[in-house]
Structures are given as C-alpha cells and as structure tokens.
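What follows is a set of notes on a single structure, which appears directly below.
Protein chains in written order, with my numbering: chain E, 1 to 299; chain F, 300 to 565.
Structure follows, in structure tokens:
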C-alpha cells in the first residue's frame, strides 16, 4: 500500500468564473484520520466531490492509492466508502432495505447488513421506513452505507451534522476503532475544529479555496502562539494598563490574555500590575486555544 | 455487463413499492374493469356484430384513447418516477461514487423504463383478452369465444410499444436532467398535444414528431384493416413511424449517455 492514500497536485477548480479551489495539494497518509477543516463555502465539499470523481478535474491532479483517478476510476472507487453532505437514502425503503439494495449492487453478502445495522446502532429500527428516521438516525444509516463495502478509505463530509453529543462521541469512537483495529484511513471534513480535534491525527485547513495549513495535530500545536493568562483584582483596569504599556491584551471571562515573549517579560508584567495596586491572583502560560487558532487562520 | 444486471435488479428492488411500478399494473387493471363493466351493461348493442367486430370494438375502446393520450402520459409519468427516486433521495452523487460503470447505471435505468412500458402494454393485452373471455361467460349472447384474437391483440400492443420508444427515450432524458416534475411533464404534455394536432391534421411530416408515433401507428393499422378486402385484422408490425421511433430512441439513448458521462454531480 502506498504511503499517501490521497494526493492532489496543485488542484484548482472553477465554477464558471469563480475559482473554488486554488492549488490545493493534499497529502493523506495511510492509517490516519485526516480532518479537513474550513468554514462553510471554503471548498471542502468541492474537494471531496473531486476526490470521488463527481466533479471532473484536470487529469494528473488527483491520485488515490497511488493511482491517477480518471484512468483507474472503478478500481479506486471499489476501495472507498463515502458520505457526502446529507446522507443519500431512499426514504420509501426501510433502513435494512437501503442496506440490502446497496449490498446487492456491490455483491456484498447479506450477513454484512446485520453487522452494519448493529455497528451503527440501528438494529431495532431496521425495518422502519428511512423517511421516518430522525436526522441522527439518517446520518448513522449514511455512515453504515459508507462502511458496508468494508472500504480501505472512508470519506465523510460533515458526518456529525445533526448528531447529538452522544452521537458525536459514538462516531468518534467508531472512526478511531476503524483506524486502530482495522487499519482504515479516514478523511473527514468539518467546519468545527472542536468536533474533530479529539479524533484526528492530521489536519488540513482550507480557506477561500486555499490550503492554509496541512500537518499533524502536533505541528498545529507548535504554530499556535504561547500566551500569558492573568487573573487580577480589576481585570478591566488591568487590561487598560497593560495595553497602555505596550502589551496587547484581550479580556475573556475575567481572564486577561497577552502574547508570551519571555520569562523576563512575565516578571515585568507582574511587577507593573503590582506597582499600580492590582492584586495578581495568578499568572500562567498557555498555548493559544486551537479553536482560536483555527479562527485566526481562516479569517 | 455484471454491473448492468446488478443495477437492473436494484431498479426493480427499489421501485417495487412505488407508484412507478404499481401504475404499470394498476392502470391496465382499472381501465379493463371500467370498460368491461360498460360492455357488460351494454352487451345487447353488440350482439348483432360478428365475433371479430366485437373484439375490434372492445379493444378499440382502449386502444383509441391509449394511442392518442394515455400512453404518452403514462410514459411521461413512469420515466419521471424512475429518475425522481434518485433526485428525491439525492442519490446521484452516491450512485456515481460506487465502483459501477456509469453506462451500467444509466442503461439499466433506461432498460427498466422500457420494461415497465412493455409490462404495462402486455398487461393491457392480457387483461383485454381475459375480460373478453369473462364477458363471454357472463353474457353468452356475445361471441368473443368464436374468434381467436390473442395474436392480433399482442401484435397490436407490440406495435404500440415500439411506437412509444421514441417518446420514452426523450422523456427519460428530460427527467434525468431535471429534478422537478413540471419541466418534463409540461414539455411532454405540450409535445403530446402538438403531436395529436399534427397527426389529426394529417400533416405530411407528422412522423418526425415522436409524440405522434402511437397515434400514427393506430392510424396505419386502421388504414390497412379498412383497405383490406375482407376487413381482417392484418397489418404490418414495422411501419415508417415505428422505424423512426426506434431511430429516435437509439440516438437519444446515446446522447443521454454522453450527457451523463460528462456531467458533474453538483
């Protein structure tokens, strides 16, 4: 198996005169959970549709499993399970019938249908019409359909949409299990870092069609700026004081945030506050919240 | 080829409980029951006719309305329903990201639409035949059992089926391209009415409009039967409009495939 399961080479795409993707070079390693993040309209779904050959890109731009897509479409698609936007399900058929229909199309033994229903926790409502399912159940059925062929690569576009917190945790655990125990690779898109932060091993952040970050979660942590967190007796006045003395400061939930420069500067800030009759309850260092970092990257 | 057969099986599986499939069975049944009831109540008006003429009158009650309006409308509805099942479920993106060749998915759908039309017309012929036999049992003064009409009846419906392949291919393409009901229905209805007018006016080039083909097929049958010295129900299966209908179906099918192959799923 090649190291890079998904690779795009300077991928660009236009809808009419609008450039939707601009030189996007993705690299998704085998056995990883790759979180593809970006605000709404950044180009995530377009990228996913190109990865599935639903939108046609220039040749020699998209490689999956080490092979150029357009020349190896069927072979590549036979190794992928996908869920794009809302789950595509027949509402007049039951959950079980939806899975049976897909199993027949892909020549998958019927026994797998029962396994998938159990895996996505739909056994009890398997014979209910899918149109009567809740949003979360539809989403789970969509994930089940994607998992049915036991794919090597799972591409999921915002799979936690409509799921309650427990549902999100279930999906997270399921994806972790697929990677750690079954050696799958997962490519998952989301517009919320907090949703995928706890499960991904690698991240790609896209904004206005450009890939602005790509790397492991550790690498993202490295670029996040260190900050000083201060708790003082009068945070509003303390903020004004620090700002006037050249320390750009934010105040959030009674805590003052100012960029970390050096240990010496920490001492100077403390001294400045004390000299001006502020009581300093705590002064500590922390890395910038990843969500804030994500927002700052994508703004 | 395997992808085609699997796709065809899937078409049957997913539409078996929908109106698209049920209409192919229920429409001939309902219509036969209604027309048979009418003939049962007015059997005394038929008794003086020959057995052959009784069959012609009985089947003519269906075929006249079918050729002009019912068959085109049924095709418009069925081809819409077959494709709408995918539009409604937003299934195209899912279908085209499966490891199945696009031509298999497309051609299986097209063949399934043809199958539904063939099933409906076969059932029409069967129910007409069965109704004639039952009417004969209920009203012994009728002479349906004195003349074997089965061969003619099935040949007639076969001709109608062949004549409707052009309409079917065009409506299939329309409903493949447009998710809403109004566009394929509106255009189909407009062309059907236009077809009826041009065929009734006897326009020389009416055969170039696929929506006239079922009507022209019936006209050509009537012409041949009336010109026949013994007025026997003998007619050619393949006539000009049939060849034209098959040609339109073939060309539209090929165009449809290239549209699907090159079309992005947005």
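Every residue gets a Cβ at the ideal spot worked out from N, C-alpha and C, and that includes glycine.
> How far does the beta strand (DSSP E) with residue 226 of chain E in it reach, from first residue to last?
Replying inline: Looking up residue 226 of chain E in the first chain gives position 226. Segment 226–232, the beta strand (DSSP E) holding residue 226 of chain E.
>> By the three-class DSSP mapping on this structure, what secondary structure does residue 211 of chain E have?
In response: As a position in the first chain, residue 211 of chain E is number 211, starting the count at 1. Reduced to three states, the DSSP call for residue 211 of chain E is strand.
>> Could you check whether the Cβ of residue 126 of chain E sits closer than 8 angstroms to any Cβ belonging to chain F?
In response: Within the first chain, numbered from 1, the residue matching residue 126 of chain E stands at position 126. Cβ-Cβ to chain F under 8 angstroms: no for residue 126 of chain E.
> What does residue 415 of chain F reach in chain E if we use C-beta pairs closer than 7 angstroms?
Replying inline: As a position in the second chain, residue 415 of chain F is number 116, starting the count at 1. Neighbours of residue 415 of chain F on chain E: none; closest Cβ ~17 angstroms, over 7 angstroms.
> Given residue 465 of chain F, which residues of its chain have a CB within under 6 angstroms of its CB, disregarding the five upstream and five downstream residues?
Replying inline: Here residue 465 of chain F refers to the residue found at position 166 of the second chain. Here the set comprises 509, 512, 544, 547, 548.
>> Among E:228, E:279, E:129, E:219, whose alpha-carbon lies nearest the alpha-carbon of residue 96 of chain E?
In response: Along the first chain, read from residue 1 onward, the residue named residue 96 of chain E stands at position 96. Comparing Cα positions, the closest option is E:129.
> According to DSSP, what are the bridge partners of residue 285 of chain E?
Replying inline: The residue given as residue 285 of chain E occupies position 285 in the first chain. Paired residues: E:228.
> Given that residue 559 of chain F touches chain E, what residues does it touch there, using C-beta distances under 7 angstroms?
Replying inline: Counting from 1 along the second chain, the entry for residue 559 of chain F is found at position 260. Result: empty, since nearest Cβ-Cβ is about 12 angstroms, beyond 7 angstroms.
> Does any residue of chain E bring its CB to less than 8 angstroms from the CB of residue 410 of chain F?
Replying inline: The residue labelled residue 410 of chain F in the question sits at position 111 within the second chain. Taking Cβ atoms only, chain E never reaches closer than 8 angstroms to residue 410 of chain F, which makes this a no.
> Using the rule of at least 16 other Cβ atoms within 10 Å of the residue's Cβ for burial, across every protein chain shown, is residue 138 of chain E buried or exposed?
Replying inline: Counting from 1 along the first chain, the entry for residue 138 of chain E is found at position 138. By the 10 Å Cβ count, residue 138 of chain E comes out buried.
> For chain E, is any of its Cβ atoms less than 8 angstroms away from the one on residue 395 of chain F?
Replying inline: In the second chain, counting from the first residue as 1, residue 395 of chain F sits at position 96. Chain E, which has a Cβ nearer than 8 angstroms to the Cβ of residue 395 of chain F, makes this yes.
> If we ignore side chains and look at the alpha-carbon of each, how far apart do residue 488 of chain F and residue 505 of chain F end up?
Replying inline: Taking the second chain and counting its residues from 1, the one referred to as residue 488 of chain F is at position 189. Taking the second chain and counting its residues from 1, the one referred to as residue 505 of chain F is at position 206. Approximately 16 angstroms, taken between the alpha carbons.
> Whose CA, out of E:91, E:81, E:80, lies closest to the CA of residue 384 of chain F?
Replying inline: Here residue 384 of chain F corresponds to residue number 85 of the second chain, with the count starting at 1. Here the closest residue by C-alpha is E:91.
> Could you check where the alpha helix (DSSP H) with residue 168 of chain E kicks off and where it finishes?
Replying inline: The residue you call residue 168 of chain E lines up with position 168 of the first chain. First-last of the alpha helix (DSSP H) with residue 168 of chain E: 165–182.
>> Tell me which residue opens and which closes the alpha helix (DSSP H) that residue 467 of chain F is part of.
In response: As a working note, residue 467 of chain F is residue 168 in the second chain. Counting along the chain, the alpha helix (DSSP H) containing residue 467 of chain F begins and ends at 449–476.
> Are three or more beta carbon pairs between the region 301–317 of chain F and the region 397–411 of chain F nearer than 8 angstroms?
Replying inline: yes
>> For a cutoff of 8 angstroms on Cβ pairs, would you count residue 497 of chain F as touching chain E?
In response: Position 198 of the second chain, counting from 1, holds the residue named residue 497 of chain F. Cβ-Cβ to chain E under 8 angstroms: no for residue 497 of chain F.
> Which whole-angstrom value describes the C-beta separation of residue 171 of chain E and residue 178 of chain E, a residue pair presumed to lie in contact below a C-beta threshold of 8 angstroms?
Replying inline: Along the first chain, read from residue 1 onward, the residue named residue 171 of chain E stands at position 171. Along the first chain, read from residue 1 onward, the residue named residue 178 of chain E stands at position 178. At roughly 10 angstroms, the Cβ-Cβ gap does not stay under 8 angstroms, so residue 171 of chain E and residue 178 of chain E are not in contact.
> Under a Cβ-count criterion, where at least 16 other Cβ atoms within 10 Å of its own Cβ denotes burial, should residue 364 of chain F be classed as buried or exposed?
Replying inline: Residue numbering aside, residue 364 of chain F sits at position 65 when the second chain is read from its first letter. It counts as exposed.
>> Taking 7 angstroms as the cut-off, is the beta-carbon of residue 42 of chain E closer than that to any non-hydrogen atom of the ligand PLP?
In response: For the ligand PLP, the structure offers nothing, since it holds no ligand at all.
> Along chain E, which residues have their Cβ under 8 angstroms away from the Cβ of residue 388 of chain F?
Replying inline: On the second chain, residue 388 of chain F is found 89 positions in, with the first residue counted as 1. The answer, in chain order, is 88, 89, 90, 91.
> Closest by CA to residue 173 of chain E, which one among E:3, E:33, E:189, E:207?
Replying inline: Counting from 1 along the first chain, the entry for residue 173 of chain E is found at position 173. It is E:33.
> Do residue 443 of chain F and residue 566 of chain F come within 8 angstroms of each other at the CB atom, strictly closer than that value?
Replying inline: Any property of residue 566 of chain F remains undetermined from this structure, which presents chain F solely from 300 to 565.
> Span of the alpha helix (DSSP H) holding residue 36 of chain E?
Replying inline: Taking the first chain and counting its residues from 1, one reaches residue 36 of chain E at position 36. Careful: residue 36 of chain E lies outside any alpha helix (DSSP H), inside the beta strand (DSSP E) at 33–37.
>> Extract the residue ranges of the beta strand (DSSP E) inside the region 109–173 of chain E, only unbroken runs of 3 or more that lie entirely within it.
In response: 153–157
> Which residues, taken in chain order from the region 27–56 of chain E, show a beta carbon closer than 8 angstroms to some beta carbon of chain F?
Replying inline: 49, 52, 53, 54, 55, 56
> Where are the alpha helix (DSSP H) runs, 4 residues long or more, that stay fully inside the region 339–412 of chain F, in chain order?
Replying inline: 350–364, 370–387, 391–394
>> Judging by CA-CA distance, which residue of E:111, E:133, E:155, E:104 is the nearest neighbour of residue 47 of chain E?
In response: Along the first chain, read from residue 1 onward, the residue named residue 47 of chain E stands at position 47. Measuring from the Cα of residue 47 of chain E, the nearest candidate turns out to be E:155.
> In terms of residue numbering, what span does the beta strand (DSSP E) encompassing residue 4 of chain E cover?
Replying inline: Along the first chain, read from residue 1 onward, the residue named residue 4 of chain E stands at position 4. Residue 4 of chain E -> beta strand (DSSP E) spans 4–8.
> Given residue 195 of chain E, which residues of its chain have a CB within under 7 angstroms of its CB, disregarding the five upstream and five downstream residues?
Replying inline: By 1-based counting over the first chain, the position of residue 195 of chain E is 195. The answer, listed in chain order, is 160, 168.
>> Can you tell me whether residue 534 of chain F is helix, strand or coil according to DSSP?
In response: Counted from its first residue, the second chain places residue 534 of chain F at position 235. Residue state, collapsed to three classes: coil.
> What first and last residue would you give for the alpha helix (DSSP H) that runs through residue 269 of chain E?
Replying inline: By 1-based counting over the first chain, the position of residue 269 of chain E is 269. Residues 263–275.
> Would you say residue 458 of chain F and residue 374 of chain F are within 8 angstroms of each other, going by their C-beta atoms?
Replying inline: Position 159 of the second chain, counting from 1, holds the residue named residue 458 of chain F. Position 75 of the second chain, counting from 1, holds the residue named residue 374 of chain F. The answer is no: Cβ separation not under 8 angstroms.
> Ends of the alpha helix (DSSP H) at residue 517 of chain F?
Replying inline: Your numbering for residue 517 of chain F matches position 218 in the second chain. Note, residue 517 of chain F: alpha helix (DSSP H), 512–526.
> For residue 420 of chain F, which of helix, strand or coil comes out of DSSP?
Replying inline: Locating residue 420 of chain F in the second chain gives position 121, where the first residue counts as 1. Three-state DSSP puts residue 420 of chain F in a helix.
> DSSP beta-bridge partners for residue 550 of chain F?
Replying inline: In the second chain, residue 550 of chain F corresponds to position 251, counting from 1. The partner list for residue 550 of chain F (beta bridge, DSSP) is empty, contrary to what the question assumes.
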